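Notes for the one structure printed next.
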Amino acid sequence: LQSIALEDYQKYFQAIPQQNQDAIFNRWGNAEDDPKFRNGRIMIAGIRLGLTFVGIQPARGFNVDAVANYHDPDLVPPHSYLAFYFWLRHEYEADAIAHIGKHGNLEWLPGKSVALSETCWPDLLLGPMPHLYPFIVNDPGEGAQAKRRTQAVILDHLMPPMARAETYGELLVLENYVDEFYQALGVDPRREDYLRKKILGLISEINLQVELHLDEEAEEQVLLNEVDAYLCELKEAQIRNGLHVYGKIVTGETLEETLVALMRLPRGEAANDQGILHALVDDLQLCAVNDELFNPLDFEASALWQGHQPECLKITSEQSWRTSADTRERLECYAQQLIANVLQKKQYPQQLPKTALLLKYTHDIVLKAVNQSAEDEIKNFVGALSGKFVPPGPSGAPTRGRLDVLPTGRNFYSIDNRAIPTRSAWDLGQQSAELLVQRYMQEHGDYPKQLGVSVWGTSTMRTGGDDIAQAFALMGVRPIWAEASNRVVDIEIISAMQMHRPRVDVTLRISGFFRDAFPNVAKLFDTAVKALANHDEPGNYNTIRQHIEADKQKLIEQGCDEIQAHQQSQWRVFGSKPGAYGAGLQGLIDERVWDNQADLAKAYVNWGGYVYAQDNFGGEAFQEFEKRLSQLDVVVQNQDNREHDILDSDDYYQFQGGMTNAIRVLKGEMPEVYHGDHSNPASPKIKTLKEELNKVIRSRVVNPKWITAMQQHGYKGAFEMAASVDYLFAYDATTGFIDDYQYEMVTDALLLDEKNKQFLKEHNIHAMKEMAERLLEAQQRGLWQSPNEYQQSITDVLLEIDESLEASQ
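If you want the numbering used here, it's the position in the sequence shown, counting the first as 1, plus 778.
Right, here's the structure in full:
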C-alpha cells in the first residue's frame, strides 16, 4: 500500500473548482468518511517496481448506498479516487500514465463528451499528463472514448487467437453414432435400429432436443437431420482459443488455426482477396449440385454430398464423408494442413494454383504482419514512453476480413461519422432486415410491427453502420450519399410497392458513446421517422404513420397540447442522460441489490429514458420510453464479429436483456428476441437469442478446448470463466432463457470438474468463490428451478473455498 497524507490531499483538493468540491461533499462528505482513510492518511493500492508504480484503478464509488449509486448517471468519484490520481501526479510525480485493460472508468466519469473543461472529471483528475492506452484493435469505439476524454494515445493489439470449436465429450460420441447410423442405413437393419435408439437416447440425455425446438412427437428422420446440422454448426463455430499476451505471438497449431480464421472470409475480387476455403473449392472444382461451385460459408449443412471427393480432402478425416457439412470440415482441416506446411517447410501446393497464391500471400504478408504486431506492440509502447511518435492505423475486426488493421501496435483511428451508414453496410443491412422479417413471418404468420434495436457506437465504427442500415431497411428508407465524398446527405422513402411488405416501426436504444460519436446519425434517423409520419400512401403499409397518429391522439386526449403531442408521438431514439453511459443493470446484478424483474426494468428505463430527436436532444422522456417499450413485439441485437460472443461482455445482457425484461414487465408478455449474426458480411444470419445462447454455451463455455486454453493464463483465465458464469446468470435474470440443464453443464465443467477445480484453487480462488455464489444465487432466485443434488455440491465447494481462504490467512 502507498498512501497520501490527509493534509496533502486537502491541499490538492482545495485547488479544484468549487463546483467539483461541492459535488464531492454532497455525495461523499469529507475525506475522513472515506473507507480508505486510515490513521490520518488515504490508502492507495499498488506496488513500486523500480521507477514504475503499478496500481489498481479505484472503484468509481463504494457501497454507502448501492441502489442509489447505480441509478445515478452523474455519480462523481469518492475521495479515495481523487487521492489516487493526485498522489500519482503531485507526490509520485509520474511522467506518464498507462491504463492497462479494456476499459477503465476514468474516461467514463461525468463531464462533457468532447472538448472537456476544467470542471469535467476526467480532465480534472488526469490533467495534462501523457497517457498511453493499450487497446484491442477491434474496439475503436471505447478506444475513441479514451482519446476524446483522456487524451489517450492508443497502442492497439491483436485479438485473441481463434479456433474452431470442434466436438468433444458426448457431442463427439453422438457424432460418431450418427455417422455409423447412416452407414448402416438400408444395409444392416438390426444395427440401424440399435444405433437409432442410442442416438435418440443420447439426444434426450444431453437435452439437444430442447435446443433444436423439436417436440417429442417430431419424426425421427427430421430429428436426425436437425441434430446432424446442429453438430456441424457447433463444430465449426469460431471461439477464442486463449487470450492475447501483449507483445507475444502464439505458435504451433494455435497460430495455424488463427491464420485460417484470418483468411477464411473473402475480402474482394482480387486473387489475394479470396477466402482460403473458396480458393480450395475453385482449385478442386468442388461442385455440390447443378455443377455450381460449393459455397463453404453458405450451405445446407445436412444436405447429402453428391459431388466428387478429392483424395486430398478424404484423408483429412477418418469420419465418413456424407454431407455438405463434412465437406466444409474437410476444407477447414486441409486449409490448416496447408498453412502448417507453409509455416514449417515453406511448401506450396503447385497443383492448387489459386490456393498456392493465397498461401504465399498468407506467409509473406499476413504472417509477417502478425509477427510485426508483436514487435510493434512493445516497441511503440516503449517509444511512446520516450516521447516518440506512435504511427496511426485503422481499426476493425481482423477475422471479419479487415487485414488492413495489421500490424497492430498503432494509434488506431475509427471512421468518418458523416459516412454512416456506408454503402457496404447498407447492402448488409438490407439483407439482414429481410431475413429478420422472413424469420418472424415463418414463426408468427404475420409481419413484425414494432421492433426495438440496441445500437452501439463501437460496432458502428467497426462496421460502418450495419445496425442503422438494418433499421432503415426495416422502415423502408434508404440513405442518399454524396458522389464525391460518400457522405450521407439525406434519406429517401422506398415506395411500398417496391418493399412488398408493411413498414416496421423501429425504436432505437442508443449507447452513450453512440450519442457522443454519431449525433448526426441519431438526427438522421429522426428525420426518417418524421418523413414517414408525413408520408401518405395507399393501403396499410405505413404502420409507422398509423402508430404516430394513434399515439398523438391519445396524448391530446390526456391533455397534452397538439404541438407537444405531435413531437412526442414521433420520438423513436432513446439513450442515457447526456454525459452518462450504460444501461443501468450491471451494478444491480453485480451487487445483488434487486428483488424482482420490475427492479431491473425500472433501472433500464431510468437510464435509457432520454430522447434524442432534432427538437429535443437529450431531454427527459421516461413516460414516452416506457410507452414505446410497452408496444414493442420484437427485440434485436446484432453481433458483427466472432472475436467475442454474447457471454464475453456485460453490455449484451444490459442492452438486449434489459430491453427484453423491460418489455416483459411493461407489456405483460414476452417479446420475440433475435440475434443478428453479421460476422460474415456476405451472409448475415438471424437466430433467436435462445439459439445463440445455446450455441455459445455448447461451443465455448463448457468446451474443454476453451477451458484448457484459459488455464494457460492463470488468474486471468479463471476470471474469464467466472465472468462467463456472471453473464449467463444475468441473461437468465433478464430473459429467462437459461435452462436448468445448462446450469448443470456449466457447473460440471467449470466448478465440479476436479482438474479445473484445482486450477481455480491455485490461481484465482476468489473467482471460484464468485462463480459458486452466483450459481447458488440462481437457485435462490428461482432461475435454476430444480438444482437437486447440485445445491449441496456447490455448497460443499463454497465450504472448501472458505476453509482454504481461512488457512491462507
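Just so you know, even glycine gets a beta-carbon here, dropped at the ideal spot from N, CA and C.
Fair warning: this is a prediction, and the values are worked out from it, not measured in the lab.
By how many angstroms is the C-alpha of residue j removed from the C-alpha of residue i?
i, j, result
"I914", "D800", "37 Å"
"P856", "G839", "6 Å"
"Q1432", "G1230", "14 Å"
"E1070", "A1260", "38 Å"
"P1565", "A1134", "54 Å"
"V1120", "A1039", "16 Å"
"D1244", "L1206", "7 Å"
"T1305", "Q1392", "8 Å"
"T1186", "D1142", "17 Å"
"Q1536", "Q1401", "51 Å"
"A1556", "Y1505", "12 Å"
"I1322", "Q1228", "9 Å"
"D1051", "I1027", "24 Å"
"H1086", "D1061", "13 Å"
"L1109", "Q1324", "51 Å"
"C1010", "I1017", "14 Å"
"V1443", "A1379", "7 Å"
"G882", "G1174", "20 Å"
"H1610", "E1221", "The chain is shown only over 779 to 1587; residue 1610 falls outside these bounds and no answer can be derived."
"Y1218", "I1198", "27 Å"
Under the rule that 16 or more other beta-carbon atoms within 10 Å means buried, what is residue i, buried or exposed?
i, result
"V1267", "exposed"
"N1264", "exposed"
"V965", "exposed"
"I1093", "exposed"
"E920", "buried"
"K1124", "exposed"
"Q792", "exposed"
"N1298", "exposed"
"K1013", "buried"
"V1282", "buried"
"S1586", "exposed"
"Q1520", "buried"
"I1258", "exposed"
"I1341", "exposed"
Shortest alpha-carbon distance to residue i belongs to which of the options?
i, options, result
"N1416", "A1203, Y1382 and K1445", "A1203"
"P1131", "I1054, A1511, T1200 and V1524", "I1054"
"A749", "H991, L1136, G921 and K1227", "Nothing can be reported for residue 749: it is not among the residues displayed for the chain, which extend from 779 to 1587."
"S1617", "N1384, G1387 and V1474", "In the structure as shown, the chain starts at 779 and stops at 1587, and residue 1617 therefore has no counterpart that could be examined."
"H1022", "K1533, E1498, Q1409 and Q1569", "E1498"
"L1363", "A1376, G1357 and P1356", "A1376"
"F831", "K1405, K925, E810 and H877", "H877"
"E1031", "E1004, A941 and N1068", "A941"
"V1183", "M937, R816, N808 and L1001", "M937"
"F1403", "F1352, N1374, D852 and N1419", "F1352"
"M1448", "K1465, V1412 and R1478", "V1412"
"P908", "V931, S895, N1068 and E1581", "V931"
"G1365", "K1355, S1347, W1349 and W1385", "W1385"
"W1083", "Q1097, L1286 and A1103", "A1103"
"Q780", "L866, S1192 and D812", "L866"
"D957", "D1294, M1437, S1095 and D873", "S1095"
"W886", "Q1336, T1105 and V854", "V854"
"N916", "H1422, H1453 and K1355", "H1422"
"S1354", "R1370, D1314 and V1389", "V1389"
In the DSSP assignment, what are the bridge partners of residue i?
i, result
"L1116", "Answer is none; L1116 lacks a bridge partner."
"V1266", "W1259"
"T1285", "G1230"
"L1082", "T1101"
"C1065", "L1071"
"H935", "I914"
"H1453", "Q1415 and K1465"
"Y1388", "G1353 and E1398"
"N1189", "P1170"
Hey, residue i and residue j are a contact pair by Cβ (cut 8 Å); roughly how many whole angstroms apart?
i, j, result
"G1254", "K890", "Not quite, the Cβ-Cβ distance comes to about 37 Å (not below 8 Å), so this is no contact."
"F1190", "P918", "6 Å"
"I822", "F862", "5 Å"
"N1019", "A1487", "5 Å"
"T1236", "I1246", "No, T1236 and I1246 are not in contact; Cβ-Cβ is about 14 Å, not under 8 Å."
"L980", "L952", "5 Å"
"D1006", "A1079", "7 Å"
"F1303", "A1249", "7 Å"
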